[in-house]
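Per my numbering, the very first residue in the sequence shown carries number 787; after that it's consecutive.
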Amino acid sequence: MPTTQETQTTSPIGRDTPRVDGPLKVTGTALYASDFHFPGLLYAVPVEATIANGKITKLDTAAAEKTPGVRAILHRKNIGKIFRSSAGKGNEGICIERRPAFEDDVVRYYGQYVALAVADTFESAKAAADAVVVSYSKDKPNVEFKLTADNDPAVVGTSYGPEKRVQSERGNAAAAFASAPVKLD
787 MPTTQETQTT
797 SPIGRDTPRV
807 DGPLKVTGTA
817 LYASDFHFPG
827 LLYAVPVEAT
837 IANGKITKLD
847 TAAAEKTPGV
857 RAILHRKNIG
867 KIFRSSAGKG
877 NEGICIERRP
887 AFEDDVVRYY
897 GQYVALAVAD
907 TFESAKAAAD
917 AVVVSYSKDK
927 PNVEFKLTAD
937 NDPAVVGTSY
947 GPEKRVQSER
957 GNAAAAFASA
967 PVKLD
């Protein structure tokens, strides 16, 4: 067991932490991912849905395709079917998108990717993504949790299957604090 003196000299608490990247950052010489350029490197910027639920009725990419430096505007009508991941496989309990990108014209949440602009520079990709015009037919967003298992309140329906509710109890916080033998403010 370490002595108090050993703990004080080896503990990081209360001591300066050396930042090997500090001098690079403050002098402006640190390198970030966007600082690296490779032959044939392309940039992609998504076009996100501006509604929470509905269908895409029109996706106009004509102006975006004319943006200088644009290589492609990818969307559901020009990419074909993409591999669909199976449920589970180590992702249990994680809420993730399992539908392939651009699979259909259905919008299920605000910000869902509906197209992708690919270009020679980030600026061109951003300009092209901004030039894509999307029209929608809006539906009422689903903002309620649906219960499963015959409305068993102990089971909640999720996008990846039923999930047991966490067991918890509510008490009187003020009374518990008042009767606590030790209080920290």
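Glycine is no exception: its CB is placed at the ideal position from the N, C-alpha and C atoms. All values derive from a computational prediction rather than experimental measurement.
Run through DSSP, which three-state label would residue i get?
i      : result
Leu933 : Because Leu933 sits at a pLDDT of 49, beneath the cut-off of 50, its placement in the model cannot be relied upon, and the point is left open.
Pro832 : strand
Asp890 : coil
Thr843 : strand
Ala966 : coil
Leu810 : helix
Ser923 : strand
Ala959 : helix
Ala838 : coil
Ala819 : helix
Note down, in chain order, each residue of its chain lying with its Cβ closer than 7 Å to the Cβ of residue i, except the 5 sequence neighbours on either side.
i      : result
Ala782 : No information on residue 782 is available, as it lies outside the stretch 787 to 971 that the chain covers here.
Gly840 : Val893, Tyr922, Ser923, Lys924 and Asp925
Ile865 : Phe888
Where residue i and residue j are concerned, what is the direct C-alpha to C-alpha distance, given to the nearest angstrom?
i      : j      : result
Arg805 : Tyr818 : 16 Å
Ser797 : Tyr922 : 58 Å
Glu889 : Lys924 : 18 Å
Gly972 : Phe908 : With the chain covering only 787 through 971, there is no way to say anything about residue 972.
Lys969 : Phe822 : 54 Å
Thr815 : Ile799 : 29 Å
Asp891 : Thr803 : 51 Å
Thr853 : Glu955 : 58 Å
Ser820 : Ser965 : 57 Å
Asp754 : Ile859 : With the chain represented from 787 up to 971, any question about residue 754 goes unanswered, as that position is not in the structure.
Ala959 : Val929 : 31 Å
Leu810 : Phe824 : 23 Å
Quick one: is residue i near chain B, going by C-beta distance under 7 Å?
i      : result
Gly814 : Among the protein chains of the structure shown there is no chain B, as only one such chain exists.
Leaving out the 5 sequence neighbours to the left and right, which residues in its chain are closer than 8 Å to residue i when beta-carbon positions are compared?
i      : result
Val920 : Val833, Ala835, Thr836, Ile842, Lys844, Leu845, Asp846, Val900 and Ala901
Arg857 : Leu828, Val904, Ala905 and Asp906
Arg801 : none
Thr813 : none
Do residue i and residue j have their C-beta atoms within less than 7 Å of each other?
i      : j      : result
Asp906 : Gly855 : yes
Ala850 : Ala914 : yes
Ala975 : Val904 : A query on residue 975 cannot be resolved here, the shown segment of the chain reaching from 787 to 971 and no further.
Pro927 : Ala838 : yes
Which same chain residues end up closer than 6 Å to residue i when comparing Cβ atoms and leaving out the 5 residues on each side of it in sequence?
i      : result
Pro861 : In the sequence as presented, Pro is not what sits at residue 861; that position holds His. Around His861: Leu845, Phe888 and Ala901.
Phe963 : none
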